[in-house]
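Following: one structure in structure tokens, then a few remarks.
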Amino acid sequence: MSFLTILLLYYFESCIIASMEKAVWDVKSQFETYKGEAVFDAMVAEFLLSDGRFSPQMESTLAQYGVTTLPELVEKQKERLAGLPKLQSLFNEIEMPLIEVLWSMEKTGILLDTDRLKKTGEEIERAIVAAEEEIKKEVGFEINLNSSIQVGNFLAEKAGVPLAKTKTGRYATNENEIFQHAEQFPIIKKLLAYRMLSKLRSTYVESLISKVDEKGRVHTTYNQVAVSTGRLSSANPNLQNIPVTSEFGQKIKACFTASADHVFVSFDYSQQELRILAHLTGEDKLIDAFKNNRDVHKTTAMLLFNVEYDKVTKEQRMIAKTINFGIIYGMSSFGMSQTLHIPTDEAQKFIDTFYKTYPKIQIYYEGYIKQGKIDGFVETLLGRRRYVYEDPKRKFVDNNMRRVLINYPIQGSAADLMRKAMIRIYAEVVKNNSSVKLLLQIHDDLVFEVKNEKKTIDGLIEKVRDIMCHIHPLAVPIEVDVKRGKTWGEMEKI
DNA sequence: TCGCCTTTT
DNA sequence: GAGGGAAAAGGCGAA
Numbered sequence: 001m002s003f004l005t006i007l008l009l010y011y012f013e014s015c016i017i018a019s020m021e022k023a024v025w026d027v028k029s030q031f032e033t034y035k036g037e038a039v040f041d042a043m044v045a046e047f048l049l050s051d052g053r054f055s056p057q058m059e060s061t062l063a064q065y066g067v068t069t070l071p072e073l074v075e076k077q078k079e080r081l082a083g084l085p086k087l088q089s090l091f092n093e094i095e096m097p098l099i100e101v102l103w104s105m106e107k108t109g110i111l112l113d114t115d116r117l118k119k120t121g122e123e124i125e126r127a128i129v130a131a132e133e134e135i136k137k138e139v140g141f142e143i144n145l146n147s148s149i150q151v152g153n154f155l156a157e158k159a160g161v162p163l164a165k166t167k168t169g170r171y172a173t174n175e176n177e178i179f180q181h182a183e184q185f186p187i188i189k190k191l192l193a194y195r196m197l198s199k200l201r202s203t204y205v206e207s208l209i210s211k212v213d214e215k216g217r218v219h220t221t222y223n224q225v226a227v228s229t230g231r232l233s234s235a236n237p238n239l240q241n242i243p244v245t246s247e248f249g250q251k252i253k254a255c256f257t258a259s260a261d262h263v264f265v266s267f268d269y270s271q272q273e274l275r276i277l278a279h280l281t282g283e284d285k286l287i288d289a290f291k292n293n294r295d296v297h298k299t300t301a302m303l304l305f306n307v308e309y310d311k312v313t314k315e316q317r318m319i320a321k322t323i324n325f326g327i328i329y330g331m332s333s334f335g336m337s338q339t340l341h342i343p344t345d346e347a348q349k350f351i352d353t354f355y356k357t358y359p360k361i362q363i364y365y366e367g368y369i370k371q372g373k374i375d376g377f378v379e380t381l382l383g384r385r386r387y388v389y390e391d392p393k394r395k396f397v398d399n400n401m402r403r404v405l406i407n408y409p410i411q412g413s414a415a416d417l418m419r420k421a422m423i424r425i426y427a428e429v430v431k432n433n434s435s436v437k438l439l440l441q442i443h444d445d446l447v448f449e450v451k452n453e454k455k456t457i458d459g460l461i462e463k464v465r466d467i468m469c470h471i472h473p474l475a476v477p478i479e480v481d482v483k484r485g486k487t488w489g490e491m492e493k494i
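If you read the first sequence in the numbering used here, its first letter stands for residue 1, the second for the next number, and so on.
Rendered as structure tokens:
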């Protein structure tokens, strides 16, 4: 057989394979129908190919490509992907295989102890009634505490609290705005307590109970194409924003329970975004800190305030932590001044000192933004793209775009690595193993339900940790914190 | 449907 | 001189 013949055969074979794939919009929502079949998800493809401003919609995508049916659309998407090798591999090796993983997680669901949640709900209810009574006594007339307009009017005009206005001219009553007057006006603390409880009741007690199936489990829906950085989102119910901070929040989380003879085991990437920052920028001081397993916020504080590592105070560490995360998000001096409650010029000084401390971070970002403007896009470690566009409706395009771009390679690469790890974990640990179920992903955290046997748990920990830590080697070691517990609210580090 | 507020990572 | 942390979901009031 000549070389040409082989090439031709290869060409025809790939055409046949390509033409056998079924063109589908949103495979996951109809997974039972297409299970085991070769499919091409046009929605998922369009998520990679589009400019990232909106989630892809079928009607408008068809119109945009000037076609009327899915096979015509897919043909054109394939042509585009063929010219973009990195995106093509991302599509074939990450995005398409992820569909089954998410489908499986959704279908499995998580057991909710509704009796316990109802009791917690009653406790919250009592606290709400008490708070409401106290507040209403002080207000002196009928008021709906859930109405920010009524509350704003009362605080500003009756109680005399000096409140700022929102952009639409109402009084701003958000926590950040009113908390600064809490000492002078004690009603504010009661109001904030009421708000927290009321939020817990409506969003996390009543709504969760209504979503339990006949087996006592709740099933979220993961959206693979909602977030341009490549993070997942979770809805109906959203299990990615279950409370963690307050005491009642913990109690709600403790109502998510492992089934009989099972436990939860969770794996949490530790400081993953800052490790990726160290990797992308090659900043030696940050790399050293991670290599030597030092506290990264403390390290920044040490360099920023020019003190010994062991002499860093709590407050210095807190400031350093704010700056570390602020840099990741492209925070402005104003944003930082709000968070730290300091003047903007002081915040600006911290930022300048940060960049002087870590010069390679500044050099990296200058080159990265410049290249992004030249190419018209920026990309993550695995080649996910964010196109640089200008929104004519917004005034300060450059600043906003800049913030988006600065955050993108960090959050996006972290999301890439998590997606890749989930696929390997599913294939190697979950799919053909009835003792292990993958239930949840909360951005840098995976939660499994595992048969409560030492051998199974130990095996899972070894395997999952190995996959997560070595999924894409960086210039710094990757670390994963492992926890276990009978409920999601009572996980203990192991 | 929009605006405000709150929750998470 | 404005307007300023990244990205989501969702409840509720007001219109």
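Idealized CB from N, CA, C, for every residue including glycine.
Keep in mind the model is a prediction, meaning the values are calculated, not measured.
Fill in: Cβ-based burial, Q495 [other Cβ within 10 Å; buried from 16]
This structure gives no information on residue 495, because the portion of the chain shown stretches from 1 to 494.
Worksheet item: Quick one, which of L286, H470, D445 has its alpha-carbon nearest A240's?
Response: Inspection of the sequence shows that residue 240 is occupied by Gln rather than by Ala. Ranking the options by Cα distance to Q240, first place goes to D445.
Worksheet entry | Residue environment, I410, which counts as buried when at least 16 other CB atoms sit within 10 Å | buried
Fill in: Close beta carbons around D481, own chain, < 7 Å, minus the five adjacent residues each side
D268, S270, K493
Worksheet item: With which residues is G485 paired in a DSSP beta bridge?
Response: F264
Fill in: Pair within 9 Å by beta-carbon distance, L48 and L90
yes
Fill in: Spatial neighbours of A278 in its chain, beta-carbon cut-off 7 Å, leaving aside the 5 residues before and after
L286, I287, F290, A475, V476
Discussion item. Relative to the C-alpha of N400, which candidate in Y329, K86, M58 has its C-alpha closest?
Written reply: Y329
Fill in: Same chain, Cβ closer than 8 Å to M20, neighbours up to 5 away in sequence not counted
A38
Discussion item. In the DSSP assignment, the beta strand (DSSP E) including K222 goes from what residue to what residue?
Written reply: A small correction: the amino acid at residue 222 is Tyr; Lys does not occupy that position in the sequence shown. Where Y222 is concerned, the enclosing beta strand (DSSP E) stretches over 221-223.
Worksheet item: Excluding sequence positions up to five away, which residues of its chain have a Cβ less than 8 Å from the Cβ of Q30?
Response: V24
Worksheet item: Using DSSP with H/G/I as helix, E/B as strand and the rest coil, what is F91?
Response: helix
Fill in: Stretch pair the segment 404-420 + the segment 454-462: three plus CB contacts closer than 8 Å
no
Worksheet item: For the candidate residues M318, I135, G282, whose alpha-carbon lies nearest to that of D295?
Response: M318
Worksheet item: If Q250 and G489 are in contact, beta carbons under 8 Å, what's the gap, nearest whole angstrom?
Response: 5 Å
Discussion item. Short of 7 Å in beta carbon distance, which residues of its chain neighbour I110, apart from the five on each side in sequence? Order them along the chain.
Written reply: R217, V218, F256, L439, L440
Worksheet item: What residues in its chain sit with their C-beta under 8 Å from that of L98, if we drop five residues either side in the sequence?
Response: Q224, R419, M422, I423
Worksheet item: Any idea what DSSP makes of S234, helix, strand or coil?
Response: strand
Worksheet item: Can you round the beta-carbon distance between L102 and Y222 to whole angstroms, since I take them to be within the 8 Å contact cut?
Response: 5 Å
Worksheet entry | Residue(s) in a DSSP beta bridge with T257 | T487
Worksheet item: Is the segment 350-368 close to the segment 320-336, with three or more CB pairs under 8 Å?
Response: yes
Worksheet item: Who pairs with Y171 in a beta bridge, going by DSSP?
Response: K165
Worksheet item: So L496 is in the beta strand (DSSP E); what residue range does that whole segment cover?
Response: Only positions 1 to 494 of the chain appear in this structure, which leaves residue 496 out of reach.
Fill in: Identified DSSP bridge partners for R403
According to DSSP, R403 bridges with nothing at all.
Worksheet item: Can you tell me where the alpha helix (DSSP H) with V101 in it begins and where it stops?
Response: 96-108
Discussion item. Taking the alpha-carbon of I135 as reference, which of I327, I406, L304, I188 has the nearest alpha-carbon?
Written reply: I188
Worksheet item: Out of T229, V151, E247, K118, which has the shortest C-alpha to C-alpha gap to E132?
Response: V151
Worksheet item: How many angstroms separate the CA atom of K137 from the CA atom of I242?
Response: 32 Å
Worksheet item: What whole-angstrom Cβ distance do V34 and V27 have, given they're in contact under 8 Å?
Response: It should be pointed out that residue 34 corresponds to Tyr in this sequence rather than to Val. Indeed, because the Cβ distance is near 6 Å, the residues count as touching under 8 Å.
Item to complete: Identify whether K395 lies in helix, strand or coil by the three-state DSSP scheme.
Response: Residue confidence for K395 is low, a pLDDT of 48 falling below 50, so the modelled location carries little weight and cannot support an answer.
Discussion item. Buried or exposed for F448, going by 16 or more other Cβ atoms inside 10 Å?
Written reply: buried
Discussion item. Just to check my reading of the structure: T281 and I361 have Cβ atoms closer than 8 Å, yes? What is that Cβ distance to the nearest angstrom?
Written reply: 5 Å
Discussion item. With a threshold of 8 Å, are at least 3 pairs of Cβ atoms found where one atom belongs to the segment 197-208 and the other to the segment 116-132?
Written reply: yes
Worksheet item: Can the beta-carbon of K298 be found closer than 9 Å to that of A320?
Response: yes
Item to complete: Name, in chain order, the residues that DSSP records as bridge partners for V450.
Response: V263, V436
Item to complete: Could you tell me the distance, in whole angstroms, from the CA atom of R405 to the CA atom of V378?
Response: Note that residue 405 corresponds to Leu in the displayed sequence, not to Arg. Each residue's alpha carbon lies about 8 Å from the other.
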